[in-house]
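Worksheet: the structure to be examined is printed underneath.
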Amino acid sequence: MFKEIDYILEGQNADRFASLYACNFNNEKTSTAGDTVEYQKANGIKVPKIYWKLTRKAVLTMEWIDGIKLTDEIRLKKASLNRKELIDEGLYCSLRQLLEVGFFHADPHPGNLVATEDGSLAYFDFGMMGDIPRHYRVGLIQVLVHFVNRDSLGLANDFLSLGFIPEGVDLQSVSDALQSSFGDGTRQSQDFQ
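With the first letter of the sequence shown counted as 1, position 92 gets the number 92 in the UniProt record's numbering; the numbers rise by one all the way through.
Rendered as structure tokens:
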């Protein structure tokens, strides 16, 4: 908890997050990771610039970014911003954080995200961040694939390799329990707009 109130560390987290996911502030592209990353960095995610000369362990000084809370549907509509597209942008960025890069914002609630006038999504508060090692990211992707394909034995093996269940557990029993949780396969699609 005390690391969260170290504003030098929080500023470093913000800079690292910006270098991985956000456009920089003169709109020059800085990443070479691929076109989808470039598109997102140029168009979707903003992070306040840290003013290092004015920042200390107990004081974090950063750029002000005006924005509209994602929960304020009236103001979003007045600004001609599509809330669903903004949420999709945040979801895409979150999936990249968790599955592709591994450095993630651990506190992305509505108070830490706003929509900007140009339709970007701005992130704030970089005190709670995390790193997911590559083998866990690969394991989480395998979990998603096995879950979507309703492969309960594959899922049980994934849980074992990720350390979610201990060695020596009967994987067939775990697989059977998972299979029963999938239900009968009849699912109704719902529109959550």
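The beta carbon of each residue, even a glycine, is placed where N, CA and C say it ideally should be.
The structure presented is a predicted model; accordingly, all values stated were derived computationally and were not measured.
query: Would you kindly work out how many angstroms separate the C-alpha atoms of residue 148 and residue 166, rounded to a whole number?; result: 24 Å
query: Helix, strand or coil, according to DSSP, for residue 30 in the structure here?; result: In this predicted model, residue 30 has a pLDDT of only 41, less than 50, meaning its place in the structure is not dependable; the value taken from the coordinates is given anyway. DSSP places residue 30 in coil when its eight states are reduced to three.
query: Where does the unbroken alpha helix (DSSP H) through residue 154 begin, and where does it stop?; result: 152-161
query: When the Cα of residue 112 is compared with those of 47, 11, 179, which residue comes out closest?; result: 47
query: Determine, using beta carbons only, whether residue 10 and residue 127 come nearer to each other than 9 Å.; result: yes
query: Pair every Cβ in the region 61-77 with every Cβ in the region 93-108, then say whether three or more of these pairs are closer than 8 Å.; result: no
query: Could I get the ranges of all uninterrupted alpha helix (DSSP H) runs contained in the UniProt domain "ABC1 atypical kinase-like" (2-156), with 4 residues as the minimum, in chain order?; result: 7-21, 35-43, 73-78, 83-95, 134-148
query: Taking the C-alpha atoms as reference points, what is the distance between residue 199 and residue 142?; result: Since the first and last residues shown for the chain are 1 and 193, residue 199 lies out of range.
query: Distance, Cα to Cα, residue 176 vs residue 98?; result: 28 Å
query: On a CA-only basis, which of 178, 69, 181, 7 is nearest residue 57? Give me that one, please.; result: 7
query: What three-state label does DSSP hand residue 169 in the structure shown?; result: coil
query: Does DSSP put residue 181 in a helix, a strand or coil?; result: helix
query: Residue 22: which of 81, 90, 66, 85 sits nearest, CA to CA?; result: 90
query: Checking 9 Å against the spacing of the C-beta atoms, do residue 234 and residue 153 come in under that value?; result: Because the chain spans 1 through 193 in this model, residue 234 falls outside it and cannot be assessed.
query: Measure the beta-carbon distance from residue 70 to residue 45 and round it to whole angstroms, keeping in mind my assumption that it falls under 8 Å.; result: That pair is no contact at about 14 Å.
query: On the criterion of 16 or more Cβ atoms from any shown chain inside 10 Å, does residue 39 qualify as buried, or is it exposed?; result: Note on residue 39: pLDDT 49, under 50, position unreliable in the model; no value is reported.
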